[in-house]
Amino acid sequence: MSVVAKKDLNITINGKAFTAPEGTVILEACKLSGFEVTNLCYNRKLKPFAACRTCMVEVTENGKKQLVYSCTHPVSEGAAIRISTEETDRYNQACLEMLLVEHPLDCPICDKSGVCPLQDNTEMLELQKNRFEIQRRNEPSLKSNPLIEFYLNRCILCGLCVRACDEIQGVQALDFHKRGMKSAIGTANDEPLDCEFCGQCITVCPTGALNDLSSEARGLAALFKQTETTCNFCSWGCTLQLETKKGDVIRIVADEGYDVGINEGNLCAKGRFGHGMIQNEQRIKTPLMNYGGTF
5 MSVVAKKDLN ITINGKAFTA PEGTVILEAC KLSGFEVTNL CYNRKLKPFA
55 ACRTCMVEVT ENGKKQLVYS CTHPVSEGAA IRISTEETDR YNQACLEMLL
105 VEHPLDCPIC DKSGVCPLQD NTEMLELQKN RFEIQRRNEP SLKSNPLIEF
155 YLNRCILCGL CVRACDEIQG VQALDFHKRG MKSAIGTAND EPLDCEFCGQ
205 CITVCPTGAL NDLSSEARGL AALFKQTETT CNFCSWGCTL QLETKKGDVI
255 RIVADEGYDV GINEGNLCAK GRFGHGMIQN EQRIKTPLMN YGGTF
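With our numbering applied, the sequence shown corresponds to residues 5 to 299, in that order.
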């Protein structure tokens, strides 16, 4: 079976010349070229969805200028792309305001604080106040299982968790429920979560709506030290990130960087949630020899 290499297309981003593989969406091309585009629902491993509407850019193709969603629009030969123009910023700011209007103001106690795409996008677009007011959700956190917490007050309905569960894991444990202002993410018939517990939903969530209950301690993710290492549960050798605080392992997170490990940021339940064994007092800490049935 032969593999056909993708053709590189010539493009410009903010006036600078770059190339990008044919079929690459503009947002991904910008990332590969060192440009950040605001977005909250894009993941390179998932099909484009355009749920958040915050990734608008200006593109000129064949002499025609238009505004497009960079997460769904593929690059074309000679395309001239401009990000962060006055018009695109105004549009993206308005869409982000609509997402923030229901979001709780609890960043100081949110596990995601400091590594939160929603915070990053707010800073990039320089939003300092919201023109809209609405009664915020006040739902209790859902802990129907010992590993994953649902805190739907922080959910922005980007759909990343639903799509990751479906497209990557093929489990379909999560889906959209209800309509309009009452729309929410959940399980079928609001049953307790009963899945493979791979934690993909936690990895892709851009807010603190999904949290790891296996953490040895809670706290701002930005304050934890991250160390890249290899999972030692099996022979696959998946790459992961250990988050530690004062020398103790707090939790394990997936590394979704480019060309990092054979697992490409995917972890199983043991790899993500089985870190309790690392600090287990019954672990062998020194070499032992068997003498007559005793060590």
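Built from N, CA and C at the ideal position, the CB exists for glycine as well. Note that the structure is a prediction, hence the values are computed from the model and not measured.
Subject >> Among Cys205, Asp194 and Thr64, the one whose alpha carbon lies nearest that of glycine 1 >> reply: Because the chain spans 5 through 299 in this model, residue 1 falls outside it and cannot be assessed.
Subject >> Outcome for glutamate 200 when other beta-carbon atoms lying within 10 angstroms are tallied against a minimum of 16 >> reply: exposed
**OP:** Could you pull out every residue in the same chain whose Cβ sits closer than 6 Å to the Cβ of phenylalanine 22, ignoring the five residues on either side in sequence?
**Re:** Ile15 and Ser37
**OP:** Could you work out which residue in Ile266, Arg287 and Asp259 is closest to arginine 276 when comparing CA atoms only?
**Re:** Asp259
**OP:** Verify whether the separation of the beta carbon atoms of leucine 178 and cysteine 165 is less than 7 Å.
**Re:** yes
**OP:** Look at the Cβ atom of asparagine 18, then the Cβ atom of methionine 60, and state whether they are nearer than 7 Å.
**Re:** Cβ atoms of asparagine 18 and methionine 60: not closer than 7 Å.
Subject >> Span separating the alpha-carbon of leucine 197 from that of serine 148 >> reply: 6 Å
Subject >> Cβ pair count under 8 Å reaching 3, the stretch 44–58 against the stretch 108–117 >> reply: The stretch 44–58 makes no contact with the stretch 108–117, as fewer than three CB pairs between them are under 8 Å.
Original post:
If you check the beta carbons only, do glycine 163 and phenylalanine 53 fall under 7 Å apart?
Top reply: yes
Subject >> Alpha-carbon to alpha-carbon, threonine 89 and serine 74 >> reply: 14 Å
Original post:
Would you call the CB atoms of leucine 13 and glutamate 101 closer than 7 Å?
Top reply: no
Original post:
Curious, which full-length alpha helix (DSSP H) runs of at least 4 residues does the stretch 76–158 contain?
Top reply: If you keep only unbroken alpha helix (DSSP H) runs of at least 4 residues inside the stretch 76–158, you get 90–104 and 121–128.
Original post:
Which term fits isoleucine 256, buried or exposed, when burial requires 16 or more other beta carbons within 10 angstroms of its beta carbon?
Top reply: buried
Subject >> Contact set for threonine 298: own chain, Cβ-Cβ below 6 Å, skip 5 residues either direction >> reply: Close CB contacts of threonine 298 within its chain, under the 6 Å cut and outside five residues either way in sequence, are absent.
Original post:
Sorted by chain position, which residues of the same chain lie with C-beta nearer than 6 Å to methionine 5's C-beta, five sequence neighbours on each side aside?
Top reply: Because the pLDDT of methionine 5 is 48, which lies under 50, any placement of that residue in the model is unreliable, and the question is left without a value.
**OP:** Run the CB neighbour count on alanine 33, radius 10 Å, all protein chains shown included, and call it buried at 16 or more, exposed below.
**Re:** buried
Subject >> Own chain, CB closer than 7 Å to proline 121, minus 5 neighbours either side, in chain order >> reply: Same-chain partners within the cutoff: Leu44 and Pro210.
Subject >> phenylalanine 154 versus phenylalanine 39: straight-line alpha-carbon distance, rounded >> reply: 32 Å
Original post:
the ligand NAD heavy atoms versus the CB of serine 219: any closer than 6 Å?
Top reply: The model depicted lacks the ligand NAD and carries no ligand whatsoever.
**OP:** Verify whether the separation of the beta carbon atoms of leucine 244 and cysteine 235 is less than 7 Å.
**Re:** yes
Subject >> Where phenylalanine 39 sits in the DSSP three-state scheme >> reply: coil
**OP:** Spell out whether any CB of chain D is found under 7 Å from the CB atom of proline 52.
**Re:** Going by chain labels, chain D is absent from the structure shown, which holds only one protein chain.
**OP:** Please go through the stretch 221–284 and give each complete alpha helix (DSSP H) segment of 4 or more residues, from N-terminal end onward.
**Re:** 273–277
Subject >> Integer-rounded CB distance, given that glycine 223 should sit under 8 Å from lysine 250 >> reply: With 8 Å as the limit, lysine 250 and glycine 223 do not qualify as a contact, their Cβ atoms being about 11 Å apart.
**OP:** Would you identify the three-state DSSP class for valine 63, choosing helix, strand or coil?
**Re:** strand
**OP:** Below 7 Å CB to CB, which residues in the same chain sit around alanine 226 once its five sequence neighbours on both sides are set aside?
**Re:** Ser117, Gly118 and Val119
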